[in-house]
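Single-structure report; data block below.
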Ligand code: ATP
Ligand code: MG
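In my numbering, the protein residues as written are 7 to 750.
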């Protein structure tokens, strides 16, 4: 046993068990903490940093901590500072992407980038690839841009550029390489880097610049990585080079929670860690502190169905807790309503909203849940999906701002050259593209050429000229403005606000609000948000501030997490739930084809990754877990009949309580269900009056004939039902007037 002589550091070791303590205070050079969900891995990592600083007098400057999301990084920094009672600005805590990006900003020259390089998010990347495949006359049916995107990203995750890839004569590789090459050239020309490129460049920065590497190796003597099971090849390579032979590396992870195989994460990285980093102390943690024994048992039993696990024995001395509740919904609306009802009950008991989460497999599932939450006015925060910086209107505004910094930004020009419409049609843009390709110049330069050399009709030329003048004028007008004034000016002068005003309607209104919100975001963004090396002396009034803001926006949009917020229900995909924990968790859409996802169902590796994802989902819950599935679901426009997920069956039935029957609606004038609340009655718990109409029930209407009840909303005399009539299709009817006859 280690002696903890220094008394003033004892509080760092308090509230840790023996194994955790050994890890935190380990004298070993390298550390691998391999343990199941909720066993305190993240806690150990945070305490280890505090220990290094306080007990071993390591400078915070010498610490580099890597986690998976910006949110986790902020939390980590907060927890270290809390433990030590002071803040540490010089300590680098961030995601792989965030840290690599920071390096590239400081060393753009060594990394072979222009100073004003900008980040291409997934959406921009796809647009660019569409343009490229089109200009290369590639059959889009056969080789969709999306496929090229996957291919390129996968190569970059492996650290491979187009010219590193051996040229096979098969059609697929030939085509992909052709696109990859053209894409690299386009990025190079426009000073753009995608997410994969950030990591690839940061790795090349080490390899090509020994003096830069030596500087950082000298500095970051303590490197700590959370969620290590999800690092991909290039991230691992980057770490390995940085750690070199002398620095200390601590990684924590769980093979059972590896869920990014589809994005190139390599579980082998854990397995070969001992080999690549000799002198590694391996620590296993087996006690789970997060969940009730019911929830933990369910998770353990489920994951036992996977083969080739490193294996572990996770236990808890916590209470048994409530059984897991399973609800079979009629359709996705019924499911959403069930979840919202349960949430409301739970809040009414005085629980905090932020302690609840609804998790789902696909982003598309969120909209129904959002609608149901909005209807009853429960605040929610959505992670992933279309969030602020990914929204069309925001991206348009950002494109204008980007052009102020760099006219040669082709992606930005493509987005806004004719938004709002200013008479620059598809043909004109095509001509400009062709000129750009032939002359190997940017679209902006091609525009100028087209005007000067009368390549365009005079009408088109005038329109293009007006656009160029607008950008130049904006740039001149905004030169000395504050960031938020710049944004305001750009939004109004570009005509974007007017453009949406003309559209009219709720959607347009929210777009305008979002644009206003962008001005606010700029106002709140200050130099504190810019990460500059001490003493770098940057002129923050210049374009640097705008550039930093635009980078932040791209990184935020790429992250799977949203901002911190007030008390709100947390909605997110299972992938974004990693590392988090909540008192109350719902796993929605537990259906074959949805979860496990149909793309991954047919092969064992894919299925096992889905099962790990389910393991992650279950183990997010501390006290209570609900699972739900629907008999039918509308996804991507089609209604399909669904079978319950096999994962439900893999949980021992004695741990699960089925919420027996479906929600029922009471007709006005009929008997009320016992609790007197419409739409809340659950058969089996309340007497079901004869006059109730349940979802899925066949009914007859005097005028419309027979149909099936699809949905309902409202209560009492406001209650309305949606019936899909055989003859006339779907109609909403006020229940108290409709005189529906219930059929057998
Ligand atoms: P995951 O695999 O989901 O990322 P993890 O292994 O990182 O989980 P933590 O999030 O660090 O686990 O810990 C899970 C919960 O258990 C947290 O609420 C943490 O504060 C608590 N916990 C961990 N260790 C202890 C301990 N020794 N005493 C009390 N609570 C603990
Ligand atoms: Mg963790």
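Beta carbons: idealized from backbone N, C-alpha and C, even for Gly. The structure displayed is predicted, hence computed values, not measured ones.
When the beta-carbon positions are compared, residue 328 and residue 628 stay at least 9 Å from each other.
DSSP places residue 362 inside the beta strand (DSSP E), whose first and last residues are 362-366.
Excluding sequence positions up to five before and after residue 145, its CB lies less than 7 Å from no other CB in the same chain. In terms of CA proximity to residue 452, 442 leads the group 157, 461, 442, 458. Between the alpha carbons of residue 750 and residue 151 lies a gap of roughly 52 Å. Set against 8 Å, the gap from the CB of residue 48 to the closest heavy atom of the ligand MG is smaller. Here the alpha carbon of residue 336 sits roughly 46 Å from the alpha carbon of residue 555. Within the same chain, 99 come within 6 Å of residue 83 by CB-CB distance, once the 5 residues on both sides are set aside.
The three-state reading of DSSP puts residue 79 in helix, counting H, G and I together.
Counting other Cβ atoms within 10 Å of its Cβ, residue 573 stays below 16 and is therefore classed as exposed. Around the C-beta of residue 209, 16 or more other C-beta atoms lie within 10 Å, and the residue is accordingly described as buried. Rounded to the nearest whole angstrom, the CA to CA distance from residue 510 to residue 521 is 15 Å.
DSSP, reduced to helix, strand and coil, places residue 703 outside both helices and strands of the structure shown, so it counts as coil. In this structure, residue 420 sits near residue 435, with a CB-CB distance shorter than 9 Å. Between residue 583 and residue 623 the beta-carbon gap is near 7 Å, inside 8 Å, which marks them as a contact. Following the DSSP letters along the chain, one finds residue 381 inside the alpha helix (DSSP H) bounded by residues 372-382. Inclusion of residue 397 and residue 290 in the CB contact set at 9 Å is not warranted, their separation being larger than that value.
Excluding residues up to 5 positions away in sequence, 168 lie with their Cβ nearer than 7 Å to the Cβ of residue 187 in the same chain. Counted as a single uninterrupted DSSP element, the alpha helix (DSSP H) harbouring residue 470 occupies residues 464-484. By the Cβ test, the segment 606-621 is in contact with the segment 298-313, since at least three Cβ pairs between them sit closer than 8 Å. Inter-segment contact for the segment 477-495 and the segment 224-233 is absent: fewer than three beta-carbon pairs are separated by less than 8 Å.
Annotated as proximal: residue 254 and residue 35, with beta-carbon spacing under 9 Å. For residue 351, the enclosing alpha helix (DSSP H) begins and ends at 338-354. For residue 194, the enclosing alpha helix (DSSP H) stretches over residues 177-196. Taking the C-beta atoms as reference points, residue 193 is found nearer than 9 Å to residue 134. Checking the 8 Å criterion, the Cβ of residue 232 is within range of a heavy atom belonging to the ligand MG. Here residue 653 is buried, its C-beta having at least 16 other C-beta atoms within 10 Å.
Distance from the CA atom of residue 266 to the CA atom of residue 236, rounded to whole angstroms, is 6 Å.
198 is the residue among 178, 198, 515, 431 whose C-alpha sits nearest the C-alpha of residue 553.
Using a cutoff of 8 Å, the CB of residue 585 counts as near the ligand MG, since one of the ligand's heavy atoms is closer than that. Under the rule that a run must span 4 or more residues, no alpha helix (DSSP H) segment is found entirely inside the segment 578-623. Burial check for residue 252: the Cβ neighbour count within 10 Å stays below 16, so the residue is exposed. In terms of CA proximity to residue 739, 726 leads the group 707, 424, 162, 726. Relative to the ligand ATP, the beta carbon of residue 40 is positioned no closer than 8 Å to any heavy atom.
In the three-state reduction of the DSSP assignment, residue 114 falls in the coil class. Distance between residue 376 and residue 348, taken at the CA atoms: about 15 Å.
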